[in-house]
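Notes follow the structure.
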Amino acid sequence: MSQGYENFNNTETSFRKSALIQERIGLVSSHMYKQFLDYQHATLNTTEIFSEMIDNLKVIADSLKQSFASRGITAQNISVEYDKDKSVVVVNILWHTISLTTRCNFEPQALDRGSGVPPMFSGRIMAIKGDYNELIEGKASRNEIMGVLLDKEVASLFVPADKSQNSIFKIKHLANREFFLNSTDASREFVLKIIETVCGGGVYHEEGKRKSFNI
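Shown next as structure tokens:
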């Protein structure tokens, strides 16, 4: 009889443990499912904005060609080139090369909003100085790629899952000060600001660590 009670107690204990596990794993799976949905929506919004950026860059390149041609300057070194997946675009403007990419979205990621404010799950578009393809050549791991991108970063646009929310634009040389752009203006304003930031500055002769400046 005592053996029967022991079996009953063991079964009850096992049932309670199983129920506790299911409850806690249920909470985890619900949390991760919400992150996954946000990631999907943010990825779609980011892809859409990036495609619009490419279209805007084509218009900007044509405008630059006309402007330089009217001043008697060759426009051969002005071009916009992008991959078939539209995840990288390389822009050449005379002696400047700028790349924009979405190849930094490896997993659901959130932008820290500070103390007391929930993080914003978002996609990211990075603008970097240089030719993306040349910079990451030979880099295989995520850490290697992100190390190069962060080192050459000019600015990033963080695109939320909810289209009614503003995208957040952070410029590296302005101590990552935040600017807010609605979904209608984000693609145009981002590329214009990047070109103004890079081409509106200049390059110093190399002396120690000083390599470029902004105006």
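When you read off a place in the sequence shown, starting at 1, and then add 558, the result is the number in this note's numbering. Each residue gets a CB set at the ideal place from its N, CA and C atoms; glycine is no exception.
So for residue i, helix, strand or coil by DSSP?
i, result
"VAL586", "helix"
"GLY696", "coil"
"PHE716", "strand"
"ARG574", "helix"
"SER628", "coil"
"ALA668", "strand"
"SER621", "helix"
"SER637", "strand"
"LYS592", "helix"
"LYS721", "coil"
"LYS642", "coil"
Closest to residue i by CA distance: which of the options is it?
i, options, result
"TYR690", "MET704, PHE679 and PRO677", "MET704"
"GLU711", "GLU736, SER741, GLN667 and VAL756", "VAL756"
"VAL638", "SER625, ALA698, THR660 and HIS654", "HIS654"
"SER741", "ILE579, MET590 and MET611", "MET611"
"GLU736", "ASP743, ASN724, ARG746 and GLU765", "ASN724"
"ALA600", "ILE579, ARG629, PHE626 and MET678", "MET678"
"PRO676", "GLY758, GLU754, ASN635 and PRO718", "PRO718"
"ILE784", "LYS721, ASP720, PHE748 and GLY758", "Look at the range of the chain in this structure, 559 to 773, and you will see that residue 784 is not part of it."
"TYR640", "GLU764, THR660 and GLU695", "THR660"
Just to confirm the assignment, what range does the beta strand (DSSP E) spanning residue i have?
i, result
"PHE738", "735 to 739"
"VAL675", "Run containing VAL675: none; DSSP gives neither H nor E here."
"SER657", "654 to 659"
"ILE651", "646 to 651"
"GLU754", "Element bounds for GLU754: not the beta strand (DSSP E) but the alpha helix (DSSP H), 744 to 757."
"GLY774", "Absent from the model: residue 774. The displayed extent of the chain is 559 to 773, so no value can be given."
"SER725", "725 to 729"
Please look up how many angstroms separate the CB atoms of residue i and residue j, rounded, as I've assumed it's under 8 angstroms.
i, j, result
"ILE656", "LEU622", "Contact doesn't hold; Cβ gap of about 12 angstroms is too wide."
"LEU693", "VAL649", "With 8 angstroms as the limit, LEU693 and VAL649 do not qualify as a contact, their Cβ atoms being about 14 angstroms apart."
"THR604", "ASN663", "7 angstroms"
Quick check: the region 707 to 724 against the region 673 to 684, are there 3 or more CB pairs under 8 angstroms? yes
Would you call the region 659 to 678 and the region 596 to 610 touching, i.e. three or more CB-CB distances under 8 angstroms? yes
Is there contact here, the region 635 to 652 with the region 602 to 609, by at least three beta-carbon pairs under 8 angstroms? yes
So does the region 572 to 582 actually touch the region 624 to 633, counting three or more Cβ pairs closer than 8 angstroms? no
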